[in-house]
Amino acid sequence: MTATVHHGDCLNVLPALPAESLHACVTDPPYHLTSNAKRRSSGFMGQGWDGGDVAFRPETWAEVCRVLKPGAHLLAFGGTRTHHRMACAIEDAGFEIRDMIAWLYGTGFPKSVDVAAAVGKAAPRPDDAQAWDGWGTALKPAIEPIIVARRPPAGTVAANVLRHGTGGINIDACRVGSSKNVPRSHSTTPNSIYGSGLGGSRLDGTEAGFDPTIGRWPANVVHDGSADVLQAFPEAPGALRGVGPEFGDRKSVNVYGDWGPRPDMKPRDDGGGSAARFFYCAKADRTDRGGSRHPTIKPVSLMRWLVRLVTPPGGTVLDPFAGTGTTGQACLAEGFDAVLIEQSEEWVADIHARLAHVRGSDTPLFGEAAE
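Going by the working numbering, the first residue of the sequence shown is number 167, and it counts up by one from there.
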């Protein structure tokens, strides 16, 4: 597997890449969290790469769309206050918006103004400040949205998969086990690229059914397994009753009448516990960062799950905002090639250090011991 690194602005590098040559794009672009005036100067937290509006421009995503094969998926992280502008730009560039994955984490810290303290400095009377005691201006950040988009397929999904190898998402390879382990692949259809097909049916038209040994269908929620996140989920027993003719007649057919035969599905009582077990858990640790100073490094385990979700076997993944190269590391670990673009010289150096570490030619990561 190879990871090609381009040092430069993605708007300059992308036009030189061949059209319809890549199988997926998984990226963490700038969130552009500051006001227009601040973005033009220094960006969020003084980071120059967050300045401007590159992620809000349709021409950025139009170039990404051009180099992706028909049916290829795009996964793009965003900020809660600004992801809507990026989603509009992605859609205006020609992509279909398919979904949004919510990544939940417990490490965020609120950047809030103490209203009472602010009033105390501005108001002449102490009572004015007391009236606003306990008020702030921001919630604790605990979620990052990931836009799920797709370049429109050429014809039907089946025709596109057969011609380009893209168009579906790898359900079976990303199922969620009750032990929070995600199996690589448990497809029971030997000739199927994507295992379970869309809508619960396989690509050969047979019913996928449910096999409790392969885990739950992946959801559009991912969490980090932290105590803060787990506390937000209620206790849930799981599916205690079987479904299908084997388990008796349906008790009610509601106002629509009988929907026809149902496949048998056995009970999934796994002993209960937090409902967080229904969703994939991506834990971040110090090995994800190493010695890099980049402020927004994502867990490699999360990036591995994402690239596995949308990339066909032997495919190549694009990351036009590569940062320190976690997408590249995830691709090499999952058996995919990667094309990485990064404009910052500092982060390009980190990318090469990370890739060298993955290949075993330089340890520890970024030359610093990780716990």
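Don't be surprised by glycine CBs; every beta carbon is placed ideally from N, CA and C. Nothing here was measured: the structure is a model prediction, and the numbers come from that model.
In angstroms with no decimal places, state the Cα-to-Cα distance between ARG264 and ARG291. Distance from the CA of ARG264 to the CA of ARG291, rounded to the nearest whole angstrom, comes to 54 Å.
Over the uninterrupted alpha helix (DSSP H) stretch that includes VAL179, give me the two end residues. That run of the alpha helix (DSSP H) goes 176-179.
Rounding to the nearest angstrom, what Cα-Cα distance links THR200 and GLY245 in this structure? Each residue's Cα considered, the two are about 11 Å apart.
Just list the residues that DSSP pairs PHE243 with in beta bridges. BP columns for PHE243 point to ILE312.
Assign PRO318 to one of two classes, buried (16 or more other C-beta atoms within 10 Å of its C-beta) or exposed (fewer than that). Label assigned to PRO318: exposed.
Does the distance from the CB of ASP503 to the CB of THR170 come in under 9 Å? It is a contact, given that the beta carbons lie within the stated cut-off.
For ASN336, tell me which candidate among THR273, ARG316, LEU472, HIS250 has the shortest Cα-Cα distance. For the residues THR273, ARG316, LEU472, HIS250, the minimum Cα distance to ASN336 belongs to LEU472.
Proximity of TRP383 and VAL342 at Cβ, strictly below 9 Å: Result yes, Cβ atoms of TRP383 and VAL342 sit closer than 9 Å.
Among the residues of its own chain, which have a CB less than 8 Å from the CB of GLN509, if the five just before and after it don't count? Here the set comprises HIS173, GLY174, ASP175, CYS176, TRP215.
Could you tell me how far apart the beta carbons of LEU241 and VAL476 are, in whole angstroms, since I believe they sit closer than 8 Å? Sure, about 6 Å apart at Cβ, within 8 Å.
Within the continuous beta strand (DSSP E) that includes HIS330, where are the two ends? In the DSSP assignment, HIS330 falls outside any beta strand (DSSP E) and lies within the alpha helix (DSSP H) extending over 323-330.
Going by DSSP, name the residue or residues bridged to THR226. Answer by DSSP bridge pairing: none, since THR226 is not bridged.
Taking the beta strand (DSSP E) that LEU472 belongs to, which residues open and close that run? Going by DSSP, LEU472 is part of no beta strand (DSSP E) but of the alpha helix (DSSP H) stretching over 466-476.
Per DSSP, which one or two residues make a beta bridge with VAL192? Partner residues in the beta bridge of VAL192, as assigned by DSSP, are LEU241.
When the Cα atoms are used, what is the spatial distance from GLN495 to PHE275? Each residue's Cα considered, the two are about 27 Å apart.
Same chain, Cβ closer than 6 Å to LEU183, five either side skipped, listed in chain order: Closer than 6 Å at the Cβ level, and outside the excluded window around LEU183, lie VAL233.
Check whether the Cβ atoms of ARG474 and LEU498 sit closer than 9 Å, and answer yes or no. Not closer than 9 Å, so no.
Between HIS249, VAL230, ALA228, which has its C-alpha nearest HIS198's C-alpha? Residue HIS249 holds the alpha-carbon nearest to the alpha-carbon of HIS198 among HIS249, VAL230, ALA228.
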